[in-house]
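If you read the first sequence in the working numbering, its first letter stands for residue 2, the second for the next number, and so on. Don't be surprised by glycine CBs; every beta carbon is placed ideally from N, CA and C. Keep in mind it's a predicted model, so treat the numbers as computed, not measured.
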Amino acid sequence: MAFWLFKTEASAWSWDQQKTKGAKGEPWSGVRNHQAAGNMKAMAKGDLGFFYHSGDEKRIVGIVEVIGTYQPDPTDETGKFGLVTVKAVRDVPKPVSLAEIKQTPALAGMMLVKNSRLSVQPVTAAEWKIVCAMAGAK
DNA sequence: GCCAACGTTGGC
DNA sequence: GCCAACGTTGGC
């Protein structure tokens, strides 16, 4: 099983909206970056990801699960990009902010720190464990 | 509101 | 195929 991080502006697609979709989940459409698309291509059902709000909040607010693997994104006219479907698993008891992540030496290698612009990022098992501990999630 | 980082576009 | 110009993203 692999771990990921999904980044979104709360004004565009928020954690609250994601949660209202429940077990049905929601297609993660709109990605127009090959690196991000490549990451989604590598996802398998059952993979877990952090749900990160960029912009004002800049923090991890929830955990999602991949329930549908890579398929063409109907909102992409060029047909080049695809999407995966994710469902909300749960809130994290204590959201982890970007500032906290930056203050944690063991997380200095996270893509969130290295390349904040990448919208879908891989997370290592070690990073996942540390962030979950900080978030009060197991 | 500014600016750095990055990706994309288009002229050559 | 290179590279300058431009647009977008996102942190500060």
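Spatially closest choice to H54 from K130, S12 and W129, by CA coordinates
By one-based count along the first sequence, residue 54 stands at place 53. Comparing Cα-Cα distances from H54 to each of K130, S12 and W129, the minimum goes to S12.
Relative to the C-alpha of L85, which candidate in K130, G23, V121 and D92 has its C-alpha closest?
Sequence index remark: in the first sequence, residue 85 carries index 84 (1-based). The sequence shown places Val at residue 85, rather than the Leu named in the question. Nearest C-alpha to V85: V121.
Going along the chain, which residues of its own chain have a beta-carbon closer than 8 Å to the beta-carbon of A136, five neighbours each way excluded?
Position 135 of the first sequence, counting from 1, holds the residue named residue 136. Cβ neighbours of A136 beyond the five flanking positions: I61, V93, P94, K95, P96 and V97.
What residue range does the alpha helix (DSSP H) around G39 cover?
Counted from its first residue, the first sequence places residue 39 at position 38. Run containing G39: H35 to K42, per the alpha helix (DSSP H) assignment.
Can you give me the Cβ contacts of N40 inside the same chain, cut-off strictly under 7 Å, excluding the 5 residues immediately before and after it?
If you number the first sequence from 1, residue 40 lands on position 39. Cβ neighbours of N40 beyond the five flanking positions: W5, V121, Q122 and P123.
Since W5 is in the beta strand (DSSP E), which residue starts that stretch and which ends it?
For the purposes of this step, residue 5 is taken as residue 4 along the first sequence, with counting starting at 1. Here the beta strand (DSSP E) through W5 covers F4 to E10.
Confirm, please, whether the CB-CB distance from F82 to A45 is below 8 Å.
Taking the first sequence and counting its residues from 1, the one referred to as residue 45 is at position 44. Taking the first sequence and counting its residues from 1, the one referred to as residue 82 is at position 81. With contacts defined by Cβ atoms closer than 8 Å, A45 and F82 do not form a contacting pair.
Coarse secondary structure for K46, derived from DSSP in three states
For the purposes of this step, residue 46 is taken as residue 45 along the first sequence, with counting starting at 1. Under the three-state reduction of DSSP, K46 is assigned to coil, being neither helix nor strand.
CA-to-CA distance, A89 to K22, given in whole angstroms:
As a position in the first sequence, residue 22 is number 21, starting the count at 1. As a position in the first sequence, residue 89 is number 88, starting the count at 1. Cα to Cα, K22 sits roughly 8 Å from A89.
Could you compute how far the alpha carbon of E27 sits from the alpha carbon of T105?
Taking the first sequence and counting its residues from 1, one reaches residue 27 at position 26. Taking the first sequence and counting its residues from 1, one reaches residue 105 at position 104. E27 and T105 have their alpha carbons spaced roughly 32 Å apart.
From the DSSP output, read off the bridge partner residues of T86.
Residue mapping note: residue 86 aligns to position 85 of the first sequence, counting from 1. In the DSSP output, where bridge partners are listed per residue, T86 has P28 and G69.
So, helix, strand or coil for K95, using DSSP?
One-based indexing of the first sequence puts residue 95 at position 94. In this structure, K95 counts as strand in the three-state DSSP scheme.
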